[in-house]
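Step one of this worksheet: look at the structure below.
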Amino acid sequence: MTFFRLVVVLVKKSFFRELSVLNKNNRAKGLVFLVLFGIVLFVMLAAAVFFLKAIYDNIVSTGFFIPLSEVVFFVATVLSWIIIFFLAFPGASGMFFHAKETDLLRSLPVSAAKLTLARLVCLYVSFLPLHLLFCLPACWSYYSVETHDKSHFFGLVTFLVMSPIIPLSLASFGAWVTDRLFNISRWKTVIQSACLFLVFLVLVVFQLLMQEALIGMGGGSGGGNGEVFVLQLAQLFAIMVNAFPPAAWVAMSFFAGNGWLYSILVLSCAAVPATGAFLLLSSRERLRLPALTITPRASLKSQAQSSLQQQSDSQKHDVFGVKRSLTAALLDREFRLLASSPYFAMEAVVTLAVLPALLLLYGIAGSPAYLKIVADVVTLTPLNAILSCTILLLLLDASPISASGIYREGKRLVISKRLPVAGRVQVKAKLVFHLLLSLPSVVLSLGAIYLMFGLPAESLVLVIPSVLLFFIMSFCLSMGIEFHSAFRSGNHAGMSASRLLQTLPKNMSQVPAAIFLAGIAWLCIIAGMSPVFTGVMLMEMLLCADVFLVNRLFANADSFYL
1 MTFFRLVVVL VKKSFFRELS VLNKNNRAKG LVFLVLFGIV LFVMLAAAVF FLKAIYDNIV
61 STGFFIPLSE VVFFVATVLS WIIIFFLAFP GASGMFFHAK ETDLLRSLPV SAAKLTLARL
121 VCLYVSFLPL HLLFCLPACW SYYSVETHDK SHFFGLVTFL VMSPIIPLSL ASFGAWVTDR
181 LFNISRWKTV IQSACLFLVF LVLVVFQLLM QEALIGMGGG SGGGNGEVFV LQLAQLFAIM
241 VNAFPPAAWV AMSFFAGNGW LYSILVLSCA AVPATGAFLL LSSRERLRLP ALTITPRASL
301 KSQAQSSLQQ QSDSQKHDVF GVKRSLTAAL LDREFRLLAS SPYFAMEAVV TLAVLPALLL
361 LYGIAGSPAY LKIVADVVTL TPLNAILSCT ILLLLLDASP ISASGIYREG KRLVISKRLP
421 VAGRVQVKAK LVFHLLLSLP SVVLSLGAIY LMFGLPAESL VLVIPSVLLF FIMSFCLSMG
481 IEFHSAFRSG NHAGMSASRL LQTLPKNMSQ VPAAIFLAGI AWLCIIAGMS PVFTGVMLME
541 MLLCADVFLV NRLFANADSF YL
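So in this note's numbering the end of the sequence shown lands on 562, straight run, no missing numbers.
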């Protein structure tokens, strides 16, 4: 097998097979999903490009106050490197140590060095579009002010092509280190979720810094405060340039006279970690080649040892000989089902952690002037306040977790139906698990909102019970649709069109109910009722709806788990 064909096979195995939706059995739905996904992706990319373009324009104007006028390339490089490193770390770990096609490729007449180099190239090809997403708007902003010069050729090659080698090599080296220290497969989901959360924090912090920069520059109309802020920002960029020499060399490669020297420096800086990662990973691959020669007896022995290890691990859940209750065992089972797939785990992290983290960061680092503008817009009319509360309630809701309550069991659903446990008991455990997962997110989000806007704490007496009652109603609606869904099999969510199209009604089932409650609240406010009376009435309506829906859900669960 040639090297180029090996790279093509790795790219196809890594991406196109997982993202394939045009299968024979579901071609119509696959086309619909592909069109919708393409439209959404185009809108998101266009919004990201114009957002970065607006930020980079201000950075270009700031760059004239420091010796490095090409500071926009420095900022784009640092931002791209940080995000690529955190995203490529779990990707490199899965590609080099936990890929499904590893055994198949090892059986081919391909050397360990050739396979490792092909994986590194595949990793580079995978993350190059993300790097270009952050870097091309910087070129757009820079060349809208400066004229293009032939001497910038080395700078463009260094900036667009060579610079992502450094974070990818460091991520591959980090994956090798973690694989040597402990069994990363047991913590794969946790590491992926943590890396995504760190990327989210980096983007939010970057957005907050740029927001403060724009507000500070806007103060220039009042009497020169904007110019002072620009000078302070220029000093900050000068300190950052001295702190990150490789990224500064990328920006300096655009210099007219000696830019090619800085390109050589960047290439040398990228060659060292890339060579080290290649040597370490190829040696690791050579050590794993004899694993294919395990005899059947050795394989049976390893399976027996694995079974004993799992049995001993399960016995550790009994503390001092005291067995857990049935509810605790079912809750532990729900947690293991949620953590069994990276898709479900990341979905839970995004649903539960993004909004509280965003609110807390805005509360800590947000501008008071910006928060005052938001508060004025929300409280401008009663309709604005009701719509804001409705949107916040939908963002707090963790319906994607409950919407996959049956689906994420996969092949284990047959075991669940055979358990000597009533269906209502299993669904009750799912409901308790849903509320326990949602409660920390609700507390943190409401606490951040109340602190940011100075809301009266007495209203929490009505707000918290109403939110929990709404969550119970959302759970019942999602699980009710799940019980009547025809899609029952599969142990992985994947990226298939059937998964996304069939969970869409379950994820959106609470939206009509929230709109209905918002309409009732608006009519009550227009009729002259007090907000307290309106809140009590809505809470009573939610309580009645929950009693009815829970009884119906338990009846369906008993018939489903027969």
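We put the CB at the ideal spot given by N, CA and C, even for glycine. Please read all numbers here as calculations on a predicted model, not as lab measurements.
Presumed contact (8 angstroms Cβ cut-off) between residue i and residue j, rounded CB distance
i: F86; j: L198; result: 5 angstroms
i: V78; j: F159; result: The Cβ separation is near 12 angstroms, so there is no contact.
i: T390; j: A514; result: 5 angstroms
i: A455; j: G535; result: The identity of residue 455 in the sequence shown is Leu, whereas the question assumes Ala. Wrong, their Cβ atoms sit about 13 angstroms apart, outside the cutoff.
i: L395; j: L355; result: 5 angstroms
i: L542; j: M473; result: 6 angstroms
i: L538; j: S459; result: Their Cβ separation, rounded to whole angstroms, is 13 angstroms, which puts L538 and S459 out of contact at 8 angstroms.
i: V72; j: A138; result: 5 angstroms
Proximity winner among the options, relative to residue i (alpha-carbon distances)
i: F475; options: L437, L446, P456, A457; result: L437
i: V547; options: L477, L168, F255; result: L477
i: T426; options: A527, S441, L133, Y561; result: In the sequence as presented, Thr is not what sits at residue 426; that position holds Gln. Cα-wise, what sits closest to Q426 is Y561.
i: L360; options: F453, R412, H434, L170; result: F453
i: V432; options: L280, T327, L383; result: T327
i: T381; options: L133, I525, I55, L132; result: I525
i: L413; options: E334, W522, L128; result: E334
i: G480; options: S466, Y143, Q510; result: Q510
i: C195; options: L181, F206, A171, L132; result: A171
i: A247; options: M95, A76, L439, V443; result: A76
i: P420; options: N258, L133, M44, L330; result: L330
i: S353; options: M529, P440, V532; result: Looking at the sequence shown, residue 353 is not Ser but Ala. Closest option to A353, Cα to Cα, is P440.
i: E540; options: L553, G528, L468, A527; result: L468
i: Y143; options: S61, L128, K417; result: S61
i: P164; options: V145, L128, D149; result: L128
i: L371; options: S325, K411, A448; result: A448
i: N258; options: K150, R418, V349; result: K150
Check whether residue i and residue j have beta carbons under 8 angstroms apart
i: V241; j: F89; result: no
i: E285; j: L337; result: no
i: A274; j: L387; result: no
i: I166; j: W81; result: yes
i: L130; j: I84; result: yes
i: M162; j: A238; result: no
i: F483; j: I415; result: no
i: S263; j: V157; result: yes
i: F64; j: G155; result: no
i: A113; j: S282; result: yes
i: F173; j: G276; result: yes
i: R424; j: D332; result: no
i: F278; j: L120; result: yes
i: S93; j: T178; result: yes
i: A429; j: F200; result: no
i: F134; j: L41; result: no
i: A175; j: F96; result: yes
i: F471; j: L446; result: no
i: L168; j: Y124; result: yes
i: A385; j: V378; result: yes
Residue i, buried or exposed, once every other Cβ within 10 Å from all chains shown has been counted against 16
i: V272; result: exposed
i: G38; result: exposed
i: E70; result: buried
i: H152; result: buried
i: N551; result: exposed
i: A298; result: Residue confidence is low: A298 scores 45 on pLDDT, short of 50, so the model does not pin down where it sits. No coordinate-derived value is stated.
i: S141; result: buried
i: P245; result: exposed
i: Y56; result: buried
i: C122; result: buried
i: D397; result: buried
i: A555; result: exposed
i: V442; result: buried
i: P512; result: exposed
i: C544; result: exposed
i: V319; result: Summary for V319: the model assigns pLDDT 41, below 50, so the residue's position carries little reliability; its value from the coordinates is reported in the next sentence. V319 comes out exposed.
i: R521; result: Residue 521 is actually Ala in this sequence, not Arg. Looking at its Cβ environment, which holds 16 or more other Cβ atoms inside 10 Å, A521 is buried.
i: M44; result: exposed
i: T147; result: exposed
i: T116; result: buried
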